[in-house]
DNA sequence: ATATAACGTGTATTTTTTACACTAAGTAAT
DNA sequence: ATTACTTAGTGTAAAAAATACACGTTATAT
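Residue numbers (our numbering), protein chains in the order written: chain Y, 3 to 231; chain G, 3 to 231.
Okay, here's the thing in C-alpha cells:
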C-alpha cells in the first residue's frame, strides 16, 4: 500500500468538453448531476480518475460511462489546479476536449447513476454549470479555436462524407466568423487532403452538392502532424 | 480530514523545463538528485505539490526552492499521467516551461537538500534523465517552438536591453533554423513593439549594435494576447 | 414550365514572404 | 594614422498567399 505515504492525498478528475456538430449548430455535451455536490446541476461530463488507469485511459472510460460513446477523438488541453475548485477536498482536474460526429442514431445513455441525463446544448446557450466548469468550457473553446487552425480537427465533427459547405460551416461556427466561399474552397482544396467522391448529397431539397472524404493517410504523409488551415 | 475519503490517493508533482539564454546557447536547468529514487541522477527541477497550494503556486515555490530563483515566467504545458512513471506510487506530474534571462550574477543555490546541485546545460547536450523527464523535456521543447511564434516569449530570455541580432539568435536557437537577417528585422520591427534606445552595446570588440527594449504595454494594447512572430 | 435555393466557379488587387549582397562603423593591432 | 577585421545596418525585386468580389448552373418542388 504505497499510496498511504504522505503526499498521496490528492484526488484527480477528468472533465471533458465534448463538441458535436449536428449539421447546423456547434453543440457541447452536458450531464445533469444526480449526486451531491451540485446535485441537479448541469456539468461537463467528468469523474474521478482511478488509481490504476492512466489519465488518457481514464478520459476515454469516463466519457464512455457518461454517454455510452467510445472511440471518440480526445485531447488533453489543460489541468485545473486551483485550491477551492471542489467542495469535497483537493481535486485537481485534467481537462480534455473531444469531438464527434453527431448523427441522430447515437443515443446518449449514461451507464452510471450519478448522471441522470446527458444532453447536447448549443455552445452559446449553456446554462450555469457546476464547479468551475464554466471556466473550463471557455478555456476549451479558446483552445480549439487555435488548434483547429493547425490540425484537421473539423473532420472529427463531420460525417465520413461531407460537402465543402459543411466544412465551411464548421469552421465558421468554431472561429465565430464568416468566411468567403470561394477563398475557403480554394484554400481547403489546396491542401490536397480532401478526396472528391463520385457521389452527391441525397435527400436535400434543391441542388445536391458533391461529397468529399478526408484522406487521413495522405494528410499524415504530406504534413506529419501540423498544417495551417 | 476530508481527504481520507476514497479517491484521495494520488500524489501530484510539478516538473519544470526551465530555459535560459546566456548570450550564445539555449540552456535548460537540471538538478542532481540527492535522494532516492534516482539518487545521483540528473533530473528536471520538480517536486510534490502540497495539498494547500494551487498548482501554479506550487510551480513557483518549487522552482524557487530548487534554484533560488523567483519571479520567473512560467506556463503550464502538459500533464503527464501514465501509470508507471514514478516508482513510488501514483504520481501525476503537471509540467511547466519557464524562461529567464541568464546573467552571470544569478547564482543557483538549491534551498533544499534533495537536490545537491543545479546546473545549466546546453539543450542539445542533455544527459540521461530520471523518471520520464527526457520525454517531458522533448514535449516542452516542441511546445515552446510553437508558442514562440504566437507569444513574445523570447524577451523573457533576453536582458532588458538587447540587440536585434540577439533576438534573432534566440529565435534561431529555439526554432533550430537559420533566419535571414534583413527579413527578420523587417518582420520583428513591423510589430511595433520594440523601442529603439539611444544607446549602444558596450564592451564588445568591433562595432556596437543599437539596443532595443520590448514595450510590453504597447504589445498588450496592440495585440491583447496573441501575435504571429 | 417555372420558381427556388443552394452549388460551383475565376480574376484582379493587395499583402506577405522570400531571396539576395554590399557599404558603414567601430575596434584592435601595427 | 593606417590597416585589417568583424559585425551592424540597409533595399529591392520576384514569388506566393490572401483578399475582395458576382453570376450562371443545377437539382428540386410546385
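All residues carry an ideal CB built from backbone N, CA and C; glycine is no exception.
Query	Result
Is residue 256 (chain G) buried or exposed, if buried means 16 or more other CB atoms sit within 10 Å of its CB?	Here chain G has residues from 3 to 231 only, and residue 256 (chain G) is not among them.
Report back the beta-carbon spacing between residue 41 (chain G) and residue 50 (chain G) to the nearest angstrom; my notes put them in contact at under 8 angstroms.	No, residue 41 (chain G) and residue 50 (chain G) are not in contact; Cβ-Cβ is about 17 angstroms, not under 8 angstroms.
Assuming residue 155 (chain G) is part of the alpha helix (DSSP H), what are its boundary residues?	Unbroken run through residue 155 (chain G): none, as it is neither H nor E.
So, for residue 220 (chain G): in the same chain, excluding its five sequence neighbours on each side, which residues have a beta-carbon less than 6 angstroms away from its beta-carbon?	195
According to the neighbour-count rule (16 or more other Cβ atoms, all chains shown, within 10 Å of its Cβ), is residue 1 (chain Y) buried or exposed?	Outside the displayed span of chain Y (3 to 231) sits residue 1 (chain Y), for which this structure offers no information.
Hey, would you say residue 212 (chain G) sits closer than 8 angstroms to residue 165 (chain G), going by beta carbons?	yes
In chain order, what residues of the same chain lie with their CB nearer than 7 angstroms to the CB of residue 129 (chain G), ignoring the 5 residues before and after it?	44
Given that a residue counts as buried once 16 or more other Cβ atoms are within 10 Å of its Cβ, and exposed if not, what is residue 72 (chain Y)?	exposed
Does the region 57-70 of chain G come close enough to the region 151-163 of chain G that 3 or more CB-CB pairs lie under 8 angstroms?	no
Among the candidates Y:168, Y:231, Y:17, Y:208, whose CA atom is the shortest distance from the CA of residue 27 (chain Y)?	Y:168
Establish whether the CB of residue 130 (chain Y) and some CB of chain G are separated by less than 8 angstroms.	no
With a Cβ-Cβ cutoff of 8 angstroms, do residue 99 (chain G) and residue 145 (chain G) count as a contact?	yes
Let me check understanding here. Comparing Cα to Cα, which of Y:205, Y:202, Y:25 lies closest to residue 174 (chain Y)?	Y:25
Along the chain, where does the beta strand (DSSP E) that runs through residue 103 (chain G) open and close?	93-103
Determine whether the beta carbon atoms of residue 31 (chain G) and residue 22 (chain G) lie at a separation below 8 angstroms.	yes
Once the 5 residues before and after residue 91 (chain G) are set aside, which same chain residues still bring their CB inside 8 angstroms of it?	13
To the nearest angstrom, report how far apart residue 59 (chain G) and residue 53 (chain Y) are at their CA atoms.	25 angstroms
Determine the chain Y residues that contact residue 94 (chain G) at a beta-carbon separation under 7 angstroms, and present them in chain order.	14, 57
Among Y:17, Y:29, Y:75, which one has its Cα closest to the Cα of residue 176 (chain Y)?	Y:29
Does the Cβ-Cβ distance between residue 102 (chain Y) and residue 46 (chain Y) come in under 8 angstroms?	no
Rounded to a whole number of angstroms, what is the C-alpha to C-alpha distance between residue 80 (chain G) and residue 94 (chain G)?	11 angstroms
Nearest CA to the CA of residue 69 (chain G): which residue from G:135, G:86, G:110?	G:110
Leaving out the 5 sequence neighbours to the left and right, which residues in its chain are closer than 6 angstroms to residue 231 (chain Y) when beta-carbon positions are compared?	151
Pick out whichever of Y:75, Y:17, Y:8, Y:183 has its Cα sitting closest to the Cα of residue 137 (chain Y).	Y:17
Residues of chain Y with CB closer than 9 angstroms to the CB of residue 178 (chain G), please, in chain order.	Correct list: empty, because the minimum Cβ distance to chain Y is about 15 angstroms.
Can you list the residues of chain Y that residue 85 (chain G) reaches, using a CB-CB cut of under 8 angstroms?	54, 55, 56
Answer yes or no: does any C-beta atom of chain G fall closer than 8 angstroms to that of residue 80 (chain Y)?	yes
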